[in-house]
Each structure stands twice: as C-alpha cells, then as structure tokens.
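In the numbering used here, the protein residues as written are 510 to 797. Note sheet for the following structure.
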C-alpha cells in the first residue's frame, strides 16, 4: 500500500476549502491518481495562482533581505532564495545554538514516530514528507527560552488556514526535538504570520487552531483517507475556483444537477442536506 502524502500546507488548504474531497484528491500520489479514480487536474497553476506564488517569493526576499538582514541564518547555496533550505540534521544542530532574537530561514522538519503515534496515524496509510516552515525564531522571557514558528504570507489579512499551518509546524517541531533528545521547547501558545508589507510579524494565538488540528488528526483524517472515494463528501462554492480539480467537480455538478449549483449554499448547508438529520432521504440534487 502506497501511503497518502500530507503536509502542513496541504492540511491548511483543506481547512480553507472545508472539503474532504480536496484533501483526498491532493493527498493521493500523482502516479496513483488515475488508477485510484482521481480525475486529471490542471498540470500548471492558473495565471492568478502563479502570480500569487511569484509575489510570495518576492515578499520572502524582502523580509529576509530588508527586515532580518544580519540576524537570520540562511542555507548556503546558489539559486533563488526560496529554494535554499537547511537539512534535517543541520536544522537540529543550528537550533541548539540559536540565540534569543535570532532567526532560522527554511529549516527542515520530519514527522517523527512519536508524532504519528500520538495521533494514531498509520505510516502505511499516510506519510508526512520533510517540510519547511519559513522561519523559526528563538525568544526568551519569564517563560524561558523557546522557539516560535513564523510563516511569511503575501496576504494583507490573517486567515484560519495560516493559523492551522503554523500550529501543525509547531506540533511537528515539538516531537522532532523530543525525538532528537533536545531540551529545547516550542511555543505552542503563540506563533506569528508576517503579512504583506508589514514591518514585523503579527502575533497569533495558537490554542484554538491546535485544538482543531489535533482533533482532526485523531478523529477526522483516517476517515477521509479510508472511505471509498465516491463516498468522500464535496461541495462546489466560490473557493473551489482556487482548486486544480475545480473543472472536474463543476462538470460533475452540472451533469448530476447537484444541489451544489444552488447559489450561496454554504458548505455547512450542503452538509446539512447530505446528512438529513430530519430522518428522511438526503437532498443531493436540485430536483430533490
């Protein structure tokens, strides 16, 4: 069995879209999608998505070069800044000596066995490849010395998906440090999002996001990955236009005359019609 591929950014996007099909489609390895019933996606991002990526890379360079110049450790190498990252062992070694006020750009984290076991995740069913938060910052105050996760976003406002992503990075970092026998601790109360054109990161309370992420890892993820693909719930709404599989779902909705074509029907509303708590048949089509 080839495991599904997950990451903090992918799970954050699942929360953004609030779509189980989104996660199942994207977590299926590309080489297995056709055989597994996953439709063909857009091979390249749309011009709009490509422009967002480009702007994001430029903003990272501005943050690193203008705001953190002299206080941030950057991996050696050539090529674009966003392609340079510290390896897993190098990351752990650098974190030991990271002094308060110093930053580490693009460290690499691995999901430890302790992380998978904590949430009952079967490595034969799902895997977390090495991932890279944008920044780790060492801080020290009355609570002691600890590491904070900071992500750089080319966005003017905080989103729930931003909080989910840095919360998951924090959980991965906590267990990676413990697995390596490191005495360092991770700040799981506060993280940061460096918003577009801001001179410093915005502090973010992580408690609500941690609760949501841990509940999802323990209770929701396995169901999404294990149920038959045709039974994985989905709904068509405006955020779907950011998904590579939007053309497929749109065509399916039109062919089935799906209730998802109803304007302004929310994801929660679609879930209510699907679950039919009134005890009658589910409402799946406009005729229904």
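Ideal Cβ placement from N, Cα and C applies to all residues, glycine included.
Item                                                                                                                                                         : Value
To the nearest angstrom, report how far apart residue 587 and residue 593 are at their CA atoms.                                                             : 8 Å
Taking a contact to mean a Cβ-Cβ separation below 8 Å, would you say residue 660 touches residue 671 in this structure?                                      : yes
Around the C-beta of residue 788, are 16 or more other C-beta atoms found within 10 angstroms, so that it is buried, or is it exposed?                       : exposed
Entirely within the stretch 679-714 and at least 3 residues each: give me those beta strand (DSSP E) ranges in chain order.                                  : 699-703 and 711-714
Determine, using beta carbons only, whether residue 700 and residue 768 come nearer to each other than 8 Å.                                                  : no
According to the neighbour-count rule (16 or more other Cβ atoms, all chains shown, within 10 Å of its Cβ), is residue 533 buried or exposed?                : buried
Taking Cβ to Cβ, would you say residue 770 is nearer than 8 Å to residue 795?                                                                                : yes
Reducing DSSP to helix, strand and coil, say where residue 513 ends up.                                                                                      : strand
Quick test of your reading: residue 674 and residue 641, contact by CB under 8 Å. State the CB separation rounded to the nearest angstrom.                   : Contact flag wrong, Cβ pair sits at about 12 Å.
Taking buried to mean at least 16 other C-beta atoms within 10 Å of its own C-beta, is residue 529 buried or exposed?                                        : buried
Determine whether the beta carbon atoms of residue 618 and residue 678 lie at a separation below 8 Å.                                                        : yes
Verify whether the separation of the beta carbon atoms of residue 524 and residue 732 is less than 8 Å.                                                      : no
Residue 702 and residue 713 look like a contact to me (Cβ under 8 Å); what is the Cβ gap, rounded to whole Å?                                                : 6 Å
Quick check on this structure: which residue in 785, 726, 705 and 777 has the alpha carbon closest to the alpha carbon of residue 571?                       : 705
Quick check: what's the CA-CA separation for residue 556 versus residue 543?                                                                                 : 25 Å
Is residue 451 helix, strand or coil by DSSP?                                                                                                                : Here the chain comprises residues numbered 510 to 797, so residue 451 is not present and cannot be evaluated.
To the nearest angstrom, report how far apart residue 747 and residue 693 are at their CA atoms.                                                             : 43 Å
Assuming residue 515 and residue 635 form a contact by the criterion Cβ under 8 Å, report the distance between their Cβ atoms to the nearest whole angstrom. : 5 Å
Using three-state DSSP, classify residue 659 as helix, strand or coil.                                                                                       : strand
So residue 754 packs on residue 550, CB below 8 Å; how close in whole Å?                                                                                     : 5 Å
Using a beta-carbon distance below 8 Å, is residue 756 in contact with chain B?                                                                              : Looking at the structure shown, chain B is missing, and only one protein chain is on hand.
Closest by CA to residue 575, which one among 512, 709 and 607?                                                                                              : 709
Excluding sequence positions up to five away, which residues of its chain have a Cβ less than 7 Å from the Cβ of residue 782?                                : 768, 791 and 792
Distance, Cα to Cα, residue 786 vs residue 666?                                                                                                              : 36 Å
Note down, one range per segment and in chain order, each beta strand (DSSP E) of at least 3 residues found wholly within the stretch 544-620.               : 612-614
Using the rule of at least 16 other Cβ atoms within 10 Å of the residue's Cβ for burial, across every protein chain shown, is residue 511 buried or exposed? : exposed
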